[in-house]
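Student: Would you mind keeping the following structure in view while I ask a few things?
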């Protein structure tokens, strides 16, 4: 690239930046905020106002729509991979094949290391749970819009920042652990699992707390005009990515750990 | 029923249903085929490794056998050499012995023949002497004593010169 071309590129970048800033400043104040920051944050926690009609079945929180949206995205992705990629797998993997194998191998290894005696079903479950938590957390960054029953536009949040979604996954994980206990140890396994009765609550609220705190911080940052520059790069992207990975790892590891503990065959006393 | 934090059982069930649906989708479309491929590759390399180990163990066995054979061959060569040496020595001894025997027999024969010849010469000489004595006696009897004596002496001298 010659010196003139460099100067031209820099000038173009500056002009575009200046135009965008001018647009942002000029449009500020054109739209009145309908909600206070307290209302926005309260609604992010409780979802009392913004409801979406779910195929005419019921009025649900946006989190439910997000959850099915994530499933739809993962379904299309998995179908495309199954049809176009997996049949072309080679013994020496390419980059994408390696990524898929690493993903499956990671959760399979997690299941095997935490529950060495019984792990086939567990491996598949933690893979699903890990993929779901990661993708659903990342989903909020896509900023898909939906229309509420009141006719307002709402940005679809991470499904697990909805308390019902977090409870759903926490309870399901607990039921999976319980099933491992029953299959591995029968009635004793049920006893072992019920002993940790606080597990579904702790798992649910850990997920809810982690995801909600992310959502609240993001809401807070985006609510104020002055915070809308540079900061969202860290808050919106890096933090989301970070807690997507952490929460996916924590829940899958806890599930695998407890599953392995309750399904471990008890040693007979001589 | 209004629960705190806007908890809704219907929505919880919808979330669980969604997760179950996702489990089925991901299991059949992604997890199972990818894992099957990983297992297949693992089995392939394990088989390759087993075959290589088998070949290695066969080669080691063969090497051991060859080394054993080689060491046995050295031993055998030494044994055969010793045997051959022994045989050669025995043959040589036998030949020497035979030669000695032959020499002894030749010497004995030669001695016997010499003895026989000596005896024959002595016998011949004795018989010649006897003949000469009888001839001399005859001449003495049938001629003068002095003449006879001279003749006897001449004859005796002649015969001594001849010898």
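Residue numbers (the working numbering), protein chains in the order written: chain Z, 2 to 271; chain Y, 2 to 164. Ideal Cβ placement from N, Cα and C applies to all residues, glycine included. All of these numbers come straight from a predicted model, not from anything done at the bench.
Report the partner residues of residue 54/Z according to the DSSP bridge assignment.
Tutor: Stepping through the first chain from its first residue, residue 54/Z is reached at position 53. Paired residue(s): 60/Z.
Student: Mind pulling the chain C residues with CB within less than 7 Å of residue 81/Y?
Tutor: Going by chain labels, chain C is absent from the structure shown, which instead holds the protein chains Z and Y.
Student: Between which residues of its own chain and residue 201/Z is the CB-CB distance below 6 Å, once the five residues before and five after are set aside?
Tutor: Counting from 1 along the first chain, the entry for residue 201/Z is found at position 200. So the list reads 171, 172 and 175, once near-sequence residues are dropped.
Student: Taking 8 Å as the cut-off, is the C-beta of residue 123/Z nearer than that to any heavy atom in the ligand PLP?
Tutor: Among the components of this structure there are no ligands whatsoever, and the ligand PLP is therefore not found.
Student: Check for me: the alpha helix (DSSP H) holding residue 148/Z runs from which residue to which?
Tutor: As a first step, residue 148/Z must be located in the first chain, where it is residue number 147. Element bounds for residue 148/Z: not the alpha helix (DSSP H) but the beta strand (DSSP E), 146-148.
Student: In terms of alpha-carbon separation, which member of 27/Y, 118/Y and 111/Y lies closest to residue 80/Z?
Tutor: The residue you call residue 80/Z lines up with position 79 of the first chain. When only C-alpha atoms are compared, the closest one is 27/Y.
Student: Taking the straight line between their C-alpha atoms, what separation do you get for residue 130/Y and residue 113/Y?
Tutor: Against the second chain, residue 130/Y aligns to sequence position 129. Against the second chain, residue 113/Y aligns to sequence position 112. Rounded to whole angstroms, residue 130/Y to residue 113/Y spans 25 Å at the Cα level.
Student: Please determine, among 62/Y, 12/Y and 39/Y, the residue with the shortest C-alpha to C-alpha distance to residue 91/Z.
Tutor: Position 90 of the first chain holds residue 91/Z. With distances taken between Cα atoms, residue 91/Z lies closest to 39/Y.
Student: Run the CB neighbour count on residue 194/Z, radius 10 Å, all protein chains shown included, and call it buried at 16 or more, exposed below.
Tutor: Translated into positions along the first chain, residue 194/Z becomes position 193. Its Cβ being crowded by 16 or more others within 10 Å, residue 194/Z is buried.
Student: Spatial neighbours of residue 212/Z within its chain, please: CB distance less than 6 Å, with the 5 preceding and 5 following residues excluded, ordered by chain position.
Tutor: Translated into positions along the first chain, residue 212/Z becomes position 211. So the list reads 159, 161 and 162, once near-sequence residues are dropped.
Student: Residue 20/Y: buried (16+ other C-beta within 10 angstroms of its C-beta) or exposed?
Tutor: Residue mapping note: residue 20/Y aligns to position 19 of the second chain, counting from 1. So residue 20/Y counts as buried.
Student: Can you check whether the C-beta of residue 52/Y is within less than 9 Å of a C-beta belonging to chain Z?
Tutor: On the second chain, position 51 is the one that residue 52/Y refers to. Not one chain Z Cβ lies under 9 Å of residue 52/Y.
Student: What are the complete beta strand (DSSP E) segments, minimum 3 residues, inside the segment 129-207 of chain Z?
Tutor: Those beta strand (DSSP E) runs which fall completely within the segment 129-207 of chain Z and span 3+ residues are 146-148 and 154-156.
Student: Using CA atoms only, rank isn't needed, just tell me which of 259/Z, 254/Z, 13/Z and 50/Z is closest to residue 148/Z.
Tutor: The residue given as residue 148/Z occupies position 147 in the first chain. Per the Cα distances, 50/Z.
Student: Ordered along the chain, which non-local residues of its own chain (more than five positions away) have a Cβ less than 7 Å from that of residue 237/Z?
Tutor: The sequence position of residue 237/Z within the first chain is 236, counting from 1. Answer for residue 237/Z: 142 and 219, listed in chain order.
Student: Select from 104/Y, 14/Y, 56/Y and 7/Y the residue whose C-alpha is nearest the C-alpha of residue 47/Z.
Tutor: If you number the first chain from 1, residue 47/Z lands on position 46. Among 104/Y, 14/Y, 56/Y and 7/Y, the Cα nearest to that of residue 47/Z belongs to 7/Y.
Student: Could you name the residues of the segment 21-41 of chain Y whose beta carbon sits closer than 7 Å to any beta carbon of chain Z, in the order they occur along the chain?
Tutor: Listed by position, the residues of the segment 21-41 of chain Y near chain Z (Cβ gap below 7 Å) are 22, 23, 24, 26, 27, 28, 30, 31, 32, 34, 35, 36, 38 and 39.
Student: Using a C-beta cutoff of 9 Å, does residue 13/Y count as contacting chain Z?
Tutor: Counted from its first residue, the second chain places residue 13/Y at position 12. It does; some Cβ of chain Z falls within 9 Å.
Student: Assign residue 187/Z to one of two classes, buried (16 or more other C-beta atoms within 10 Å of its C-beta) or exposed (fewer than that).
Tutor: Counting from 1 along the first chain, the entry for residue 187/Z is found at position 186. Its Cβ having fewer than 16 others within 10 Å, residue 187/Z is exposed.
Student: Counting beta carbon pairs with one atom in the segment 128-141 of chain Z and one in the segment 240-256 of chain Z, are three or more of them shorter than 8 Å?
Tutor: With a cut-off of 8 Å, the segment 128-141 of chain Z and the segment 240-256 of chain Z count as touching, because enough Cβ pairs lie within range.
Student: Helix, strand or coil for residue 123/Y per DSSP?
Tutor: Numbered from 1 along the second chain, position 122 holds the residue referred to as residue 123/Y. Residue state, collapsed to three classes: helix.
Student: Identify whether residue 229/Z lies in helix, strand or coil by the three-state DSSP scheme.
Tutor: In the first chain, the residue the question calls residue 229/Z occupies position 228. In the structure shown, residue 229/Z sits in coil (DSSP, three-state: anything other than H, G, I, E or B).
Student: CA-CA distance, residue 260/Z and residue 27/Z?
Tutor: In the first chain, the residue the question calls residue 260/Z occupies position 259. In the first chain, the residue the question calls residue 27/Z occupies position 26. Computed Cα separation, rounded: 58 Å.
Student: Return no unless some Cβ of chain Z is closer than 9 Å to the Cβ of residue 57/Y.
Tutor: As a working note, residue 57/Y is residue 56 in the second chain. No - not a single Cβ of chain Z is within 9 Å of the one on residue 57/Y.
Student: Going straight from the alpha carbon of residue 63/Z to that of residue 190/Z, what length do you get?
Tutor: Here residue 63/Z refers to the residue found at position 62 when the first chain is read from its first residue. Here residue 190/Z refers to the residue found at position 189 when the first chain is read from its first residue. Approximately 37 Å between the Cα atoms of the pair.
Student: Less than 8 Å between the CB atoms is what I'm expecting for residue 25/Y and residue 102/Z, so what's the real figure, rounded?
Tutor: Within the second chain, the letter at position 24 stands for residue 25/Y. Within the first chain, the letter at position 101 stands for residue 102/Z. So it is not a contact: roughly 21 Å between Cβ atoms.
Student: Please classify residue 16/Z as buried or exposed, where buried requires at least 16 other C-beta atoms within 10 Å of its C-beta.
Tutor: To locate residue 16/Z, count along the first chain from 1; it is residue 15. It counts as exposed.
Student: Which whole-angstrom value is the C-beta distance of residue 156/Z and residue 144/Z, which I expect to be below 8 Å?
Tutor: In the first chain, residue 156/Z corresponds to position 155, counting from 1. In the first chain, residue 144/Z corresponds to position 143, counting from 1. Confirmed, about 5 Å.
Student: Any Cβ of chain Y within less than 9 Å of the Cβ of residue 250/Z?
Tutor: Looking up residue 250/Z in the first chain gives position 249. Closer than 9 Å: no.
Student: Measuring alpha carbon to alpha carbon, tell me which of 10/Y, 89/Y, 16/Y and 5/Y ends up nearest residue 166/Z.
Tutor: Residue 166/Z sits at position 165 when you count from the first residue of the first chain. Residue 166/Z has its Cα closest to that of 16/Y, out of 10/Y, 89/Y, 16/Y and 5/Y.
Student: Assuming contact is defined by CB atoms lying nearer than 9 Å, are residue 71/Z and residue 133/Z in contact in what I supplied?
Tutor: Taking the first residue of the first chain as position 1, residue 71/Z is located at position 70. Taking the first residue of the first chain as position 1, residue 133/Z is located at position 132. For residue 71/Z and residue 133/Z, yes; Cβs fall inside 9 Å.
Student: On the criterion of 16 or more Cβ atoms from any shown chain inside 10 Å, does residue 263/Z qualify as buried, or is it exposed?
Tutor: Here the question's residue 263/Z lines up with position 262 in the first chain. Answer is buried; the Cβ neighbour count reaches 16.
Student: Quick one: Cα of residue 127/Y to Cα of residue 120/Y, how far?
Tutor: Along the second chain, read from residue 1 onward, the residue named residue 127/Y stands at position 126. Along the second chain, read from residue 1 onward, the residue named residue 120/Y stands at position 119. If I take the Cα positions, the gap works out to 10 Å.
Student: Looking at the C-beta of residue 183/Z, does it have a partner C-beta in chain Y at a distance below 9 Å?
Tutor: Numbered from its first residue, the first chain carries residue 183/Z at position 182. Chain Y contact via Cβ: absent.
Student: Cβ atoms of residue 222/Z and residue 228/Z: under 9 Å apart, would you say?
Tutor: Along the first chain, read from residue 1 onward, the residue named residue 228/Z stands at position 227. Along the first chain, read from residue 1 onward, the residue named residue 222/Z stands at position 221. Yes. Within cutoff.
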